[in-house]
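In UniProt numbering, the protein residues as written are 1 to 317.
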């Protein structure tokens with residue numbers, strides 16, 4: 001047993017070492033200008049890594065190197081702290097890039113739509129999650145600050161670092177609510193307290209869609225009810241039946257039949273109007289028909305998480 005464990009450890013160490021190596025492509029350049037002046041030189045590419053399988057950690061490491069490296073090529077240095085203004089621009093570019101990635105192997109191209117950028121309010125929330133201090137973001141917080149919990153293969157909660165949570169938020173948006181995000185119907189990066197404060201300004205039953213700050217890969221639907229009470233519902237995005245979107249899930253769930261608006265003041269029907277063809281072309285179905293159509297949705301797909309929200313966020317490291 002000890003030998004096998006040691007072998008697995010050595011294999012993991014080797015994989016980690018390979019993923020941490022950086023390579024550069026060298027391009028030979030030959031230019032001929034006026035008066036037949038010839039210029040020859042070399043240009044190094046951005047750093048690349050050799051991976052044998054998908055690795056979010058390696059991708060995030062490359063993102064940091066490419067976005068913030070001082071200089072280019074093998075002589076460049078990677079800072080441990082970067083100005084928050086620079087980090088905001090880089091995080092937004094990365095989010096937009098992840099939003100345009102192909103989701104299914106059978107897909108031949110990514111969406112041609114240019115995704116909506118992260119808002120300034122969203123960025124304020126990310127700054128709080130990253131413990132930005134003196135308008136500087138530390139590399140340690142980006143990679144090591146634990147901001148949520150996810151279940152391991154044994155079903156036990158394990159801390160999740162910021163970069164992994166951020167990547168999953170982008171992937172969820174890409175896969176399940178890309179059109180709603182682009183239409184400004186998904187608030188996204190928003191705390192429970194801020195969601196409640198915003199919903200208090202609504203006079204009618206209103207929903208605010210955001211990413212869970214506590215549970216990795218989950219969505220939160222914060223709702224102001226007719227009696228003024230605010231409740232929070234959660235759902236694991238990947239628990240949605242194949243081919244469905246957030247529009248299908250909300251439209252087919254009677255829990256939200258009394259909700260009139262999506263924050264700030266858009267009719268709730270905008271979430272699905274004109275979007276039924278996104279996954280399934282059933283635009284002519286009535287609301288009651290949709291209820292019966294999506295019987296594959298788990299009965300408790302959206303469950304109240306008032307108890308879960310009282311659990312502390314993963315401890316900081």
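All residues carry an ideal CB built from backbone N, CA and C; glycine is no exception.
The structure displayed is predicted, hence computed values, not measured ones.
Continuous beta strand (DSSP E) stretch holding residue i: start and end
i: residue 223; result: 218 to 224
i: residue 149; result: 146 to 151
i: residue 138; result: 136 to 138
i: residue 207; result: 206 to 211
i: residue 31; result: 26 to 32
Exposure label - residue i; buried when at least 16 CB within 10 Å
i: residue 77; result: exposed
i: residue 122; result: buried
i: residue 268; result: buried
i: residue 30; result: exposed
i: residue 164; result: buried
i: residue 232; result: buried
i: residue 14; result: Legend: pLDDT at residue 14 = 47, less than 50; position of this residue unreliable, no value from coordinates given.
i: residue 156; result: exposed
i: residue 288; result: Low confidence applies to residue 288: its pLDDT is 42, below 50, so where it sits in the model is not reliable enough to give any reading.
i: residue 40; result: exposed
i: residue 88; result: buried
i: residue 265; result: exposed
i: residue 32; result: exposed
Contact under 8 Å by Cβ, residue i with residue j
i: residue 168; j: residue 217; result: yes
i: residue 175; j: residue 81; result: no
i: residue 186; j: residue 209; result: yes
i: residue 129; j: residue 95; result: no
i: residue 146; j: residue 84; result: no
i: residue 170; j: residue 99; result: yes
i: residue 256; j: residue 206; result: no
i: residue 91; j: residue 189; result: no
i: residue 153; j: residue 160; result: no
i: residue 191; j: residue 261; result: no
i: residue 240; j: residue 247; result: no
i: residue 182; j: residue 116; result: yes
i: residue 235; j: residue 172; result: no
Start and end residues, alpha helix (DSSP H) containing residue i
i: residue 199; result: 192 to 199
i: residue 234; result: Where residue 234 is concerned, there is no enclosing alpha helix (DSSP H), although the beta strand (DSSP E) it sits in stretches over 230 to 236.
i: residue 179; result: 178 to 182
i: residue 247; result: 246 to 251
i: residue 126; result: 120 to 129
Exercise for the section: Could I get the ranges of all uninterrupted alpha helix (DSSP H) runs contained in the segment 56 to 91, with 4 residues as the minimum, in chain order? Expected result: 56 to 68
Handout entry: contact_flag[the segment 218 to 235, the segment 188 to 197] where n(CB pairs < 8 Å) is 3 or more
Key = When Cβ pairs closer than 8 Å are counted between the two stretches, the segment 218 to 235 is seen to touch the segment 188 to 197, the count reaching three or more.
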